[in-house]
Amino acid sequence: MPKNAPGGHQIPWRKPMTDDALRLHAGRYAYNVYEEKCPTRQVLERLADKWALLILDRLETGPQRFNGLKREIKQITQKVLTQTLRKLERDGLVTRTVYATKPVTVEYALTALGATLTETVAALAHWAEQNMDAVAAAQAAYDAEEARQAELQKRVHRL
Numbered sequence: 001m002p003k004n005a006p007g008g009h010q011i012p013w014r015k016p017m018t019d020d021a022l023r024l025h026a027g028r029y030a031y032n033v034y035e036e037k038c039p040t041r042q043v044l045e046r047l048a049d050k051w052a053l054l055i056l057d058r059l060e061t062g063p064q065r066f067n068g069l070k071r072e073i074k075q076i077t078q079k080v081l082t083q084t085l086r087k088l089e090r091d092g093l094v095t096r097t098v099y100a101t102k103p104v105t106v107e108y109a110l111t112a113l114g115a116t117l118t119e120t121v122a123a124l125a126h127w128a129e130q131n132m133d134a135v136a137a138a139q140a141a142y143d144a145e146e147a148r149q150a151e152l153q154k155r156v157h158r159l
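Pasting the structure below:
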């Protein structure tokens, strides 16, 4: 049953897919993300990473140098930026171009495949910005209810 979110909004809980719906889904695509060993889950795991999303969103405007990305994406470490860029490059979403300058210049850019994600990535990243107050309110309401339930449990156990 739907619960009320802070502000009185209804939360539409998604119903589980029926067997017929799962078969229809499987017939549409060569891969099925709902299957345990489907390789698409690795791609989803990569795309669900906050650093990957932020990097892809930054590259949407054009090629960027490593240090430019590091400066613009606050709190990302050099190690995490390097690892994430390598994974995105391996997945075919980002290209790495090395220029023979002194010192060596390295630029990263979206591939054609990576560019197909720009609207989705931007929508997700900016959805978080636009809805953070509502998320924070929902978290506070949840935490308050959890604390209230815990207090009720303590009272019951004292009796």
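All residue numbers for the sequence shown refer to my numbering, where the first residue is 1 and numbers rise by one.
Positions of the beta carbon are idealized from the N, C-alpha and C atoms, including for glycine.
Requested in this report: Figure out for me which residue from I76, L69, E89 has the closest Cα to the Cα of L113.
Outcome: E89
Query raised in the report: When the Cα atoms are used, what is the spatial distance from V121 to L93?
Result: In a straight line, the C-alpha of V121 is about 12 Å away from that of L93.
Query raised in the report: Between the region 51-59 and the region 77-87, do at least 3 Cβ pairs fall closer than 8 Å?
Result: yes
Report task. Just the C-alpha distance for Q78 and A100, rounded to the nearest angstrom, thanks. Result -> Approximately 22 Å between the Cα atoms of the pair.
Requested in this report: Please specify which runs of the alpha helix (DSSP H), each continuous and at least 4 residues long, are wholly inside the region 60-132, giving them in chain order.
Outcome: 66-72, 78-90, 112-115
Query raised in the report: Short check: CB of R46 to CB of D91, under 8 Å?
Result: yes
Query raised in the report: Are the CB atoms of Y31 and L69 nearer to each other than 8 Å?
Result: No, the pair does not count as a contact, with Cβ atoms beyond the cut-off.
Query - K50 - DSSP class collapsed to helix/strand/coil - result: helix
Query - Reference G62, options V156, T111, A123, K154, closest by Cα - result: T111
Report task. Check whether the Cβ atoms of R65 and V106 lie closer than 8 Å to each other. Result -> yes
Query - Proximity to V80 [Cα-Cα], best of Q153, R155, K50, T18 - result: The shortest Cα separation from V80 among Q153, R155, K50, T18 belongs to K50.
Query - T40 (DSSP reduced to helix, strand or coil) - result: Residue state, collapsed to three classes: helix.
Query raised in the report: What three-state label does DSSP hand V156 in the structure shown?
Result: helix
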